Ligand code: HEM
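In my numbering, the protein residues as written are 28 to 413.
Given below as structure tokens:
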């Protein structure tokens, strides 16, 4: 993000921070619900786990992704956003729609579920259209942008399938296969591609690495997309291609780390590596058809750790740039690294990691997740106060 060229106007701080704040509250409510109702983890399609899944993925994961992407796309494409103020419409629609949808799951009210889901879906459509307009005006293109364009495709497909599922619950054309497609498009299509597409760029920047070769990212995109297509048709080859795509992503990550100039890994990159470990665990569980275990480790470990870790890098940078960059040379300003409290991010990461690892075997471990998310939010609030 340091490469923001002077002619690109920075986004108003309220936009990325709005998405990050609403998403973090969704995450806290989600893990709290899980801690209060640990028995929900023992049954399939329980209203509580459906609510928690959407607070975690649609609320926290997608929210942070949208907030950060608006900032990052300008850097990746080296050009401005097409319609920056559209972000507020997305924030409003998604920010209101998600809790309404979650309330629909909890109360098992299919009309409320469809209304909330519809509002959230509309918000995501506005966002995807905005990104499309921004991509179209780009003068340069690269594989990270291709990864983000694919993420936009899955960000529309996933809620579309979710809406169909919600309407089918209401009007009676329910198809259990669609749940699998909806979940796989969301988990692998949105999160695997965005975390590896954006993460590739961020790890490269945060470790000052010169080992990045975007040809690996290109190959990985082919393998993951074809793998998803294979899964949709129920082919085992789909699983093999997903394994191959994740293998290429791992090799790419090792290359970045081997050629880094910053020897000591900071807390954001440590979270990224721990999250990558959870991805391997989830993949192992998936290959052995333990889908529930795979989903828990993927959501809480991989998505939870990597997204919180990236925010420990991104939030201080955003605030420092807006608050202190204009004052440099005129008065004493804090260093970027002084914006982040020292030990709370590590404590949050430790609690989240142990909680995610244990929860499939000991559901009360959800309280560790509550503690981890509490320290994560405390850290972000501290960053905003500095
Ligand atoms: C990118 C955003 C989304 C992601 C990643 C996502 C992910 C998921 C996941 C993982 C499940 C399975 C949860 C479980 O088994 O406990 C699920 C179920 C479901 N989702 Fe979503 N979802 C998203 C958006 C939406 C939207 C906007 C709607 C619209 C109403 C929706 C409606 C549903 C419904 C109705 C189910 C249950 C389906 C059934 O019981 O067959 N989802 N979602």
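Idealized CB from N, CA, C, for every residue including glycine. Quick caveat, the model's predicted, so the values are computed rather than measured.
Secondary structure at residue 236: strand, using DSSP grouped into helix, strand and coil. Cα atoms of residue 264 and residue 211: separation of roughly 15 Å, rounded to the nearest angstrom.
Closer than 7 Å to some heavy atom of the ligand HEM: that does not describe the Cβ of residue 383. The shortest C-alpha to C-alpha distance from residue 114 to any of 104, 228, 103 and 95 is the one to 95. Residue pairing for residue 287: DSSP places it in a beta bridge opposite 236. Cβ contact annotation for residue 259 (same chain, cutoff 7 Å, sequence separation greater than five): 208, in chain order. Taken through DSSP and simplified to helix, strand or coil, residue 195 comes out as helix.
Distance check between residue 226 and each of 302, 54 and 45 places 302 closest, using alpha-carbon atoms only. Not one heavy atom of the ligand HEM sits closer than 7 Å to the Cβ of residue 126. Residue 62 sits buried, since 16 or more C-beta atoms from the chains shown fall within 10 Å of its C-beta.
Residue 329 is positioned such that its CB atom lies no closer than 8 Å to that of residue 300. Spatial neighbours of residue 402 in its own chain (CB-CB distance under 8 Å, excluding positions within 5 residues in sequence) are listed in chain order as 371, 372, 374, 375 and 378. Counted as a single uninterrupted DSSP element, the alpha helix (DSSP H) harbouring residue 203 occupies residues 203-211. With three or more CB-CB distances shorter than 8 Å, the segment 151-167 counts as touching the segment 176-190. With a cut-off of 7 Å, the C-beta of residue 309 is classified as distant from the ligand HEM, since no heavy atom of the ligand falls inside that distance.
Closer than 7 Å to some heavy atom of the ligand HEM: that describes the Cβ of residue 72. By the neighbour-count criterion, in which a residue is buried when 16 or more other Cβ atoms sit within 10 angstroms of its Cβ, residue 269 is buried. Taking 7 Å as the cut-off, the C-beta of residue 118 does not count as close to any heavy atom of the ligand HEM.
The Cβ-Cβ distance between residue 165 and residue 183 does not fall below 8 Å.
Runs of the alpha helix (DSSP H) lying entirely within the segment 361-407 and spanning at least 4 residues, in chain order: 371-385.
By a beta-carbon distance limit of 8 Å, residue 255 contacts residue 215. Their separation comes to about 6 Å. A straight line joining the alpha-carbon of residue 266 with that of residue 324 spans about 17 Å. Distance check between residue 232 and each of 213, 188, 218 and 286 places 286 closest, using alpha-carbon atoms only. Of the residues assessed, residue 249 falls on the exposed side of the cut-off, its CB having fewer than 16 other CB atoms within 10 angstroms.
The segment 40-57 makes contact with the segment 332-352; the number of CB pairs closer than 8 Å reaches 3 or more.
Around the beta-carbon of residue 356, fewer than 16 other beta-carbon atoms lie within 10 Å, marking it exposed.
Contact between residue 60 and residue 75 is confirmed by a C-beta separation of about 6 Å, below the 8 Å threshold.
Excluding its 5 nearest sequence neighbours in each direction, residue 400 has C-beta neighbours in its own chain below 6 Å: 54, 55 and 58, listed in chain order. With distances taken between CA atoms, residue 70 lies nearest to 390 out of 412, 390 and 405. Between the segment 185-205 and the segment 130-142, the count of Cβ pairs shorter than 8 Å is three or higher; the stretches touch. Apart from the 5 residues on each side of it in sequence, residue 234 sits with its Cβ closer than 8 Å to the Cβ of 283, 284, 287, 288, 289, 292 and 296 in its chain, given in chain order.
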